[in-house]
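Read top to bottom, the protein sequences are chains L and X. Residues in the first sequence are numbered consecutively from 1402, following the working numbering. Residues in the second sequence are numbered consecutively from 4, following the working numbering. Beta carbons: idealized from backbone N, C-alpha and C, even for Gly.
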Amino acid sequence: MTREILERKACISGIGQSQIGRRLGRDPLDLTLDACLAAIEDAGLTRDRIDGIATYPGALGGAPGFTGAGVTEVQDALRLELSWYTGGLEQPGQLGSVVNACLAVASGVASHVLCFRSVWEATAQGKGKRAGIGLPSAGGGDGGGFRPSGSMEWSLPFRAYSAANWIALCAQRHFHEFGTTREQLASVALNARRNAALNPQAIYRDPMSLDDYLAARMISTPLGLFDCDVPCDGATAVVVSRRDEAAGLRRRPIGVEAVGTAIRGRPSWDQWDDMTTMALRDAAAMLWERTDLRPSDVDVAELYDGFSFITLAWLEALGFCAKGEGGAWLEGGQRIALDGELPLNTNGGQLSGGRLHGYGFLHEACLQLWGEGGARQVPGDPQVAVAAAGGGPLGGCLLLTGPR
Amino acid sequence: MGDAPDKPFRLRPRVTAANEHFWRGGREGELRFLRCGPCGCWIHPPSPRCPACLSKDVAPAAVSGLGTVYSFTLNHQPWVPSPDHPYVIALVALDEQDGLRLMTNVVNCPAESVSIGLRVRVVFENHDDDVWFPLFEPVS
């Protein structure tokens, strides 16, 4: 008996996004509800038909602005009658929540699951710069009082206050083993900026040259300022429906061909066996274990760029190029341009579009498959897209197919 | 914040019975990890069972303190104001076991001189309290 790929019973029936910007100063729940209601309307549904919620990371403390709303706030604000819900940090990355929704509708515990991710980091950080984890400037207490525990115990006391440091360690190892260069990595950032110029919602839309990239201040070698995504305020939502429940809705839904959620190595930023790969290696491998489609079938790729290096790692992990060859493959950037062989991060990613934290990639993948990318629409009627999110010990991805 | 003028600000870990051997081993000049009695596996971060053989017979033991830089980064971003930017954050692979690895700082050398493969040994930084931070310096 062949194994059933259960996620194919799920589809994406609608997408929505709030206003996106720097320091909007708006109530984060208000932004979240804007995105959620937009997605519900886009699907041609009404809120009384939403019977599930899935989100990442849910309501929690931590870095200011990291989460705009949890399950209960959204449920209560919209007075939803839920059959099933989930939210939390311990998931296969931000898109792990969408995978949960797919499995929920496929199993029949819900029919239409509202998935969302909302951030307000730009407003929360105010005029200050991006803060390090646990530091007084990040609400970590008075420095003498805050005591990191859990996984943070092994990084923060060594002055590694940010994922910028942790990912830099991965990037440096990749540079060492494979001869990857900053000029090669720049292709990810420059491509994002070119695409952002065509996206009215993007944060950074002014042209950027390789010289601009190289001249920007260093954050944590080999990562400079433009290797790091830009904090923003904004929310993204999608509705995941069971396919048989989506018939007759406003749109022909996007298909979920396969999901990747695996983590087979140690769940750690610093104890991962091969630091040039990260956990996304296993999520990507699993994706291809669940489909007959191949990397060459993918028409558009939306790959997490919290830091530029993470995109390179996803490209290798998903098999768009061989392990270790991501730098050379990216060189010049022609391959990943809108008219290239693999259009990448077509809305400007998080590097230039804004740090919507994972969900922005899924939103853009759906938009492209629906042919609604506007000025940045990938030519040739793309039919297969991959959306991937997460770095370090977090990684989750979805292979999506065009509307039918 | 209790940090000596010649030492950078550091967040202190929450020292517990489970991790005290690591954070206070420096008092005796030793870098300690849990080690499995039956199979000899070194364990980091600490865990009540050996991940290799699942034995509960695990106890702190000292390593040589010698290792190799697996990766590193020069942190330029002023998360906390400090005169010593850029400073070196490193992953050090310890000699005792493949995969026994620690995030730490490489000190007592120019930041620009650090490279992957550099041989290092442990040194401890104490801020006149009950935590000894295990850092590394080049083996000259």
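Query	Result
Could you please tell me which residues of the stretch 58-83 of chain X, in chain order, have their CB closer than 9 Å to any CB of chain L?	Tyr73, Ser74, Phe75, Thr76, Leu77, Asn78, His79, Gln80, Pro81, Trp82, Val83
If distances are taken between C-alpha atoms only, which option among L:Arg1777, L:Gln1602, L:Ser1556, L:Ala1790 comes closest to X:Leu94?	L:Ser1556
I'd like to know whether the C-beta of L:Asp1628 is nearer than 8 Å to at least one C-beta of chain B.	Checking the listed chains, one finds no chain B in this structure; the protein chains it contains are L and X.
Please tell me whether X:Gly29 has its Cβ less than 8 Å away from any Cβ of chain L.	no
For L:Leu1515, does the count of other Cβ atoms within 10 angstroms reach 16, so buried, or fall short, so exposed?	buried
Examine chain X for any beta-carbon lying closer than 8 Å to the beta-carbon of L:Trp1689, and answer yes or no.	no
Going along chain X, which residues have a C-beta under 8 Å from L:Ser1697?	Simply none; closest approach about 32 Å.
What residues from the stretch 104-122 of chain X come within 7 Å of chain L, judged by C-beta to C-beta, listed N to C?	Arg104, Met106, Thr107, Asn108, Ile119
By Cβ distance, which residues of its chain are closer than 7 Å to X:Gly68, with the 5 residues on each side in sequence left out?	Leu34, Arg124, Val125
Considering just the uninterrupted stretch of the alpha helix (DSSP H) at L:Thr1622, what are its terminal residues?	First-last for L:Thr1622: undefined, no H or E at that position.
Should the stretch 1692-1707 of chain L be regarded as contacting the stretch 1742-1753 of chain L, the criterion being three or more beta carbon pairs within less than 8 Å?	yes
Against chain L, which members of the stretch 36-58 of chain X pass a CB distance test of less than 8 Å?	His47, Pro48
Got a sec, what are the start and stop residues for the alpha helix (DSSP H) L:Thr1524 sits in?	1522-1526
On a Cα-Cα basis, can you pick out the residue from L:Ala1593, L:Arg1531, L:Cys1722, L:Ala1659 that is closest to L:Ala1684?	L:Ala1659
Assign L:Asp1443 to one of three DSSP states: helix, strand, or coil.	helix
Buried or exposed: which applies to L:Glu1742, given that a residue is buried once 16 or more other Cβ atoms fall within 10 Å of its Cβ?	exposed
Is the Cβ-Cβ distance between L:Arg1574 and X:Ile119 less than 8 Å?	yes
What in chain X is Cβ-close to L:Leu1536, meaning under 7 Å?	Trp82, Val83
Please state if the CB of L:Thr1622 and the CB of X:Thr71 are separated by a distance shorter than 8 Å.	no
Does the separation of the CB atoms of X:His79 and X:Pro86 fall below 8 Å?	no
Rounded to a whole number of angstroms, what is the C-alpha to C-alpha distance between L:Gly1728 and L:Ala1565?	19 Å
Strictly by DSSP, which residues pair up with L:Ser1519?	L:Ala1636
Taking buried to mean at least 16 other C-beta atoms within 10 Å of its own C-beta, is L:Gly1459 buried or exposed?	buried
Are L:Ala1436 and L:Ala1766 touching if we call contact CB-CB under 8 Å?	no
Jot down the residue ranges of each uninterrupted alpha helix (DSSP H) in the stretch 1456-1536 of chain L, minimum 4 residues, whole runs only, in chain order.	1472-1479, 1497-1508, 1522-1526
Would you mind working out which of L:Gly1527, L:Phe1559, L:Ala1502 sits nearest L:Gly1453, comparing C-alpha positions?	L:Ala1502
At a Cβ threshold of 8 Å, is L:Gly1741 touching chain X?	no
CB-CB under 8 Å to L:Val1640, same chain, minus the five flanking residues each way: which ones, in chain order?	Ile1413, Ser1414, Gly1415, Ile1416, Ala1440, Ile1441, Asp1443, Ala1444, Leu1446, Ile1451, His1513, Val1514, Leu1515, Cys1516
Starting from X:Ala65, follow the beta strand (DSSP E) in both directions and report where the run begins and ends.	61-65
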